[in-house]
Amino acid sequence: MDKLEVKQYLENIFHQEIQLYRTDKGISNVSYLMRMDDQTYMVRVPKKEHGLLRVDFKNEYEVLQKVKALDVPLVGMDIHKGIKVTKYIEGVHEFSEAKGSTKYEQTGKMLKTLHCLDGVDFYFDPFKKLSEYRSQVKERIVFFEEEEKIIEAVFLIYRPDTLCHNDVVSGNLLFSNCRSYLIDYEYAAMNDFRFDLASFFSENQIEDERSRQLFYIGYGIESSIDPEIRLFECFEDILWGYWANMLYDHSKEEIYRIIAKEKEAHFQRTKAMI
Numbered sequence: 001m002d003k004l005e006v007k008q009y010l011e012n013i014f015h016q017e018i019q020l021y022r023t024d025k026g027i028s029n030v031s032y033l034m035r036m037d038d039q040t041y042m043v044r045v046p047k048k049e050h051g052l053l054r055v056d057f058k059n060e061y062e063v064l065q066k067v068k069a070l071d072v073p074l075v076g077m078d079i080h081k082g083i084k085v086t087k088y089i090e091g092v093h094e095f096s097e098a099k100g101s102t103k104y105e106q107t108g109k110m111l112k113t114l115h116c117l118d119g120v121d122f123y124f125d126p127f128k129k130l131s132e133y134r135s136q137v138k139e140r141i142v143f144f145e146e147e148e149k150i151i152e153a154v155f156l157i158y159r160p161d162t163l164c165h166n167d168v169v170s171g172n173l174l175f176s177n178c179r180s181y182l183i184d185y186e187y188a189a190m191n192d193f194r195f196d197l198a199s200f201f202s203e204n205q206i207e208d209e210r211s212r213q214l215f216y217i218g219y220g221i222e223s224s225i226d227p228e229i230r231l232f233e234c235f236e237d238i239l240w241g242y243w244a245n246m247l248y249d250h251s252k253e254e255i256y257r258i259i260a261k262e263k264e265a266h267f268q269r270t271k272a273m274i
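Start counting the sequence shown at 1; every next residue gets the next number (full-length UniProt numbering).
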């Protein structure tokens, strides 16, 4: 949907005229600021290539009912189109922008809160998704040394018994003077809790021991788990490297090529440490 189509769709839903402004947020989605009744909202609209990801928006909506204490307030969601409207929170900064070291502990606490919630009956199977992403790559631009060995090592210790976020990127972690938020649950499902810990470290390229230790303190787990988390990081670099490669193949958007090469580089650094 282009901007005009989105505007018309929202005006039909809310039965009034709105103002809509595209932002630079989102990768596989387009994000808009919407003004209505002197209030500001965020609108998420999946891009055309989003269908390749096979996200079930009904599952996302189910998770959203469980995570209200962590998430920004939900206004409404179309479970068929994947369009979601939330309240806009003033004065927040995403993880990469937030100052101070408390953000590491806060993130650990948020993930621990999520992981303690009751589970759901659907799963994020990273091995199946990896197979799907790799099968759709036409021109390979990423290469991972001993790729199958890493995948097998993770498979042998994998336990999908926890409700996980599965996409702990900087933009999904918001911080204000009052509180912090964990947002965007389109990938949320049952998975291994170590997947989320590795997702946070890998996506935000947190490699120094002090920052990782602060996160572990917030999460409430001994840092002796770190070698396992680094193994999961390597696996996720492979997973999301092929995800980005697949999307670059189909869209030719430069952002996907950049992400793919970032995953390749992070994999090389992390593998040298395990």
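No residue lacks a Cβ here, since even glycine has one placed at the ideal position from N, Cα and C.
Could you pull the DSSP bridge partners for residue i from this structure?
i, result
"Pro-46", "Asn-29"
"Gln-136", "Bridge partners of Gln-136: none, in fact."
"Glu-76", "The sequence as given places Gly at residue 76; Glu does not occur at that position. Answer by DSSP bridge pairing, in chain order: Val-85."
"Arg-35", "Gln-19, Thr-40"
"Tyr-248", "Answer by DSSP bridge pairing: none, since Tyr-248 is not bridged."
"Tyr-123", "Met-190"
Quick one, are the C-beta atoms of residue i and residue j less than 8 Å apart?
i, j, result
"Phe-267", "Phe-155", "no"
"Leu-10", "Met-34", "yes"
"Leu-182", "Leu-117", "no"
"Glu-105", "Ile-217", "yes"
"Met-36", "Leu-70", "no"
"Met-246", "Tyr-133", "yes"
"residue 275", "Phe-175", "Given that the chain is displayed from residue 1 to residue 274, the structure contains no residue 275 and the question cannot be resolved."
"Ser-199", "Asp-237", "no"
"Val-120", "Val-45", "no"
"Phe-122", "Asn-204", "no"
"Lys-47", "Ser-31", "no"
"Cys-234", "Asp-196", "no"
"Lys-112", "Gly-26", "no"
"Phe-124", "Tyr-61", "no"
"Pro-160", "Asn-191", "yes"
"Lys-257", "Glu-207", "Per the sequence shown, residue 257 should be read as Arg rather than Lys. No, they are not a contact pair."
"Phe-201", "Gly-108", "no"
Taking its Cβ as the centre, do 16 or more other Cβ atoms sit within 10 Å of residue i, making it buried, or is it exposed?
i, result
"His-80", "exposed"
"Lys-252", "exposed"
"Asp-184", "buried"
"Pro-73", "exposed"
"Asn-172", "buried"
"Cys-178", "exposed"
"Ala-189", "buried"
"residue 290", "Past the boundaries of the shown model lies residue 290; the chain is included only from 1 to 274, so the question cannot be answered."
"Ser-131", "exposed"
"Asp-24", "exposed"
"Ser-135", "exposed"
"Ile-151", "buried"
"Gly-82", "buried"
"Asn-12", "exposed"
Apart from the five residues just before and just after residue i, which ones in its own chain have a Cβ nearer than 6 Å to its Cβ?
i, result
"Phe-193", "His-115, Thr-162"
"Val-142", "Gly-241, Asn-245, Ala-260, Glu-264"
"Pro-126", "Leu-239"
"Val-85", "Tyr-41, Val-43, Val-75, Gly-76"
"His-93", "Phe-175"
"Ile-89", "Val-72"
"Lys-66", "Leu-117"
"Ser-211", "Tyr-104"
Given residue i, which residues of its chain have a CB within under 8 Å of its CB, disregarding the five upstream and five downstream residues?
i, result
"Arg-140", "Asn-245"
"Gln-19", "Met-34, Arg-35, Met-36"
"Lys-3", "Leu-20, Arg-22, Tyr-32"
"Gln-213", "Ser-223"
"Glu-146", "Lys-271"
For residue i, which residues in the same chain have their Cβ closer than 7 Å to its Cβ, ignoring the five residues on either side in sequence?
i, result
"Arg-230", "Thr-270, Met-273, Ile-274"
"Ala-153", "Leu-231"
"Val-137", "Tyr-242, Asn-245, Met-246, Asp-249"
* **Ranges of the beta strand (DSSP E) found wholly within the stretch 142-194, counting only runs of at least 3** => If we require 3 residues or more, the beta strand (DSSP E) runs fully inside the stretch 142-194 come out as 162-164, 173-175, 180-182, 189-191.
* Counting only runs of 4+ residues fully inside the stretch 82-119, write out the alpha helix (DSSP H) ranges in chain order. => Correct list: 102-115.
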